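For reference, the structure discussed in these notes is given below.
Residue numbers (this note's numbering), protein chains in the order written: chain A, 540 to 695; chain B, 83 to 367.
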């Protein structure tokens with residue numbers, strides 16, 4: 540246990556080794572550590588983002604599905620409504636056509652009976668004239684008595 | 083031992099505690115600045131180079147990708163030192179943190195020399211010494227540099243110099259002078275000498291205790307290994323000496339295992355105190 544110049548030599552060696560470590564050992568290791576920490580942080584952030592993206596996409600898909608279902612239902616009810624409407628229109632149309640046909644038939648029947656009546660009137664007038672002619676045994680001028688006959692005709 | 087007669091216990095221990103120095107014989111004066119301990123210098127420089135080269139190898143291959151086991155081990159060490167230095171030293175740590183890493187690894191390596199078989203390296207050296215034509219019984223070799231007060235005080239003196247440097251760097255020369263005379267008792271002309279004396283005592287006590295603590299632990303540990311070796315060497319073919327031999331094996335095992343803790347702990351304590359003292363130089367009183 541003696542003190543001697545070893546002490547100062549040791550001091551110098553100590554400082555040189557520390558300097559060497561500072562220069563060549565510490566910076567690369569710290570750089571690698573910091574870079575790795577950065578990479579891990581990035582990876583974690585990316586994983587987080589992927590997770591939220593996935594949740595977002597799932598939500599969106601569910602939303603789309605719901606919308607599709609809704610629109611399909613809407614289509615179906617629209618189609619049903621349209622069918623009902625068409626059916627209703629067809630019924631109305633059919634009813635209209637039937638009533639129109641009936642009206643037309645009625646009108647035609649009326650006209651025919653009118654015409655029959657007219658014809659009958661004519662016939663009656665002629666018969667009456669012929670009857671009167673025979674009764675009066677004389678010729679009756681049809682023209683001279685047309686007014687009388689027309690009056691008679693309208694009275695029938 | 084290649085000598086004709088086996089050394090007795092006292093001779094064995096004295097031989098083991100004698101340094102290989104530049105004189106060729108034991109240093110007579112307590113303090114002699116012209117003498118070097120060649121064994122301490124050789125082993126501390128070799129182990130220091132080994133330590134920094136291992137670290138430099140890890141640093142050269144360091145990637146930010148997946149680390150191998152070796153890189154991961156060095157990184158654990160670096161992270162430990164970094165977090166300790168960050169919590170203790172507030173300021174620029176670009177030199178201080180690497181310094182702490184060097185201190186820890188280097189001192190651990192030097193302490194770990196204690197775990198090598200006690201007589202292995204000295205006997206190899208005695209053989210070389212004898213082959214070189216010298217008296218092998220005067221082949222001295224101490225392989226644990228931290229069991230040499232010069233080595234530990236040299237390092238604690240280095241820490242003291244750094245403390246002084248950082249005191250001036252952080253506080254300015256004027257600020258530091260002001261602190262030397264006004265802390266810890268306060269700013270009053272009557273208190274200046276007391277404050278200054280306290281500061282000087284503090285610096286001396288810190289430095290001496292820093293070096294002495296490591297030296298004392300390693301010296302005592304080495305001495306106990308020698309005593310255990312002597313116990314084992316007492317075997318002489320009788321039943322009683324056989325028990326002593328067994329005791330030597332047992333005690334040697336127990337002490338070596340316990341010493342693994344001590345060498346790590348002492349390296350860690352030296353590093354922590356280095357950080358604490360340099361950290362104090364960063365704080366104003």
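All residues carry an ideal CB built from backbone N, CA and C; glycine is no exception. This structure is a prediction, so every number in the text was calculated from the model and none was measured.
> Is the segment 181-196 of chain B close to the segment 119-130 of chain B, with three or more CB pairs under 8 Å?
Replying inline: yes
>> My output table needs one value for residue 201(B): the three-state DSSP class, helix, strand or coil.
In response: coil
> Within 8 Å (strictly less), CB to CB, does residue 230(B) reach chain A?
Replying inline: yes
> For the segment 151-192 of chain B, which segments carrying the alpha helix (DSSP H) assignment without a break, of at least 4 residues, lie completely within its bounds, in sequence order?
Replying inline: 151-170
>> What would DSSP say about residue 119(B), mapped onto helix, strand or coil?
In response: strand
> residue 100(B) and residue 301(B): beta carbons closer than 8 Å?
Replying inline: no
>> Can you determine whether any heavy atom of the ligand GTP sits closer than 7 Å to the C-beta of residue 638(A), and answer yes or no?
In response: The ligand GTP is not among the ligands present in this structure, which contains no ligands whatsoever.
>> Quick check: the segment 240-257 of chain B against the segment 319-336 of chain B, are at least 3 beta-carbon pairs closer than 8 Å?
In response: no
> Within 10 angstroms of its Cβ, does residue 365(B) collect 16 or more other Cβ (buried), or is it exposed?
Replying inline: exposed
>> By alpha-carbon positions, which one of 360(B), 357(B), 89(B) ends up nearest to residue 220(B)?
In response: 89(B)
> Listing by chain order, which chain B residues have their CB less than 7 Å from the CB of residue 615(A)?
Replying inline: Near residue 615(A) there are no residues of chain B at all, since even the closest Cβ is about 59 Å away, more than 7 Å.
> Using the C-alpha atoms, what's the distance from residue 363(B) back to residue 252(B)?
Replying inline: 8 Å
>> Using a Cβ-Cβ distance cut-off of 8 Å, determine whether residue 575(A) contacts chain B.
In response: yes
> What does residue 237(B) touch in chain A if you count any residue whose Cβ is under 8 Å from its own?
Replying inline: 549, 550, 553
> Does the beta-carbon of residue 238(B) have 16 or more other beta-carbons within 10 angstroms, so that it is buried, or is it exposed?
Replying inline: buried
> Which residues share a DSSP beta bridge with residue 249(B)?
Replying inline: According to DSSP, residue 249(B) bridges with nothing at all.
>> If I measure Cβ to Cβ from residue 344(B) and keep anything under 7 Å in the same chain, skipping five residues before and after, which residues do I get?
In response: 299, 303
>> For residue 634(A) and residue 626(A), I'd like the C-alpha separation in whole angstroms.
In response: 12 Å
>> Cβ closer than 7 Å: which chain A residues qualify as neighbours of residue 361(B)?
In response: The contacting residues do not exist; residue 361(B) stays about 16 Å from chain A at best.
> Mapping DSSP to helix, strand and coil, what is residue 256(B)?
Replying inline: helix
> Which residues in the same chain as residue 695(A) place their Cβ atom closer than 7 Å to its Cβ, once the five residues preceding and following it in sequence are excluded?
Replying inline: 660, 663
>> Between the alpha carbons of residue 171(B) and residue 360(B), how many angstroms are there, rounded?
In response: 7 Å
>> When you compare the CB of residue 571(A) with every CB in chain B, is at least one pair closer than 8 Å?
In response: yes
> With residue 240(B) and residue 554(A) assumed to form a contact (beta carbons below 8 Å), what rounded beta-carbon distance in angstroms separates them?
Replying inline: 6 Å
> Taking the alpha carbon of residue 157(B) as the point to measure from, which residue in 247(B), 175(B), 138(B) has its own alpha carbon closest?
Replying inline: 138(B)
> To the nearest whole angstrom, what separates the beta carbons of residue 106(B) and residue 550(A), a pair I think is in contact under 8 Å?
Replying inline: Actually they do not touch by this definition, with Cβ atoms about 24 Å apart.
> Given that a residue counts as buried once 16 or more other Cβ atoms are within 10 Å of its Cβ, and exposed if not, what is residue 582(A)?
Replying inline: exposed
> Closer than 8 Å, CB to CB, is residue 86(B) near chain A or not?
Replying inline: Bear in mind that the predicted position of residue 86(B) carries a pLDDT of just 48, short of 50, making it too unreliable to give a figure here.
> Sorted by chain position, which residues of the same chain lie with C-beta nearer than 6 Å to residue 225(B)'s C-beta, five sequence neighbours on each side aside?
Replying inline: 125, 195, 203
> Roughly how far, in whole angstroms, is the beta-carbon of residue 208(B) from the beta-carbon of residue 218(B), given that I think they are within contact range, below 8 Å?
Replying inline: 4 Å
>> The alpha helix (DSSP H) that contains residue 578(A), what's its start and end?
In response: 565-675
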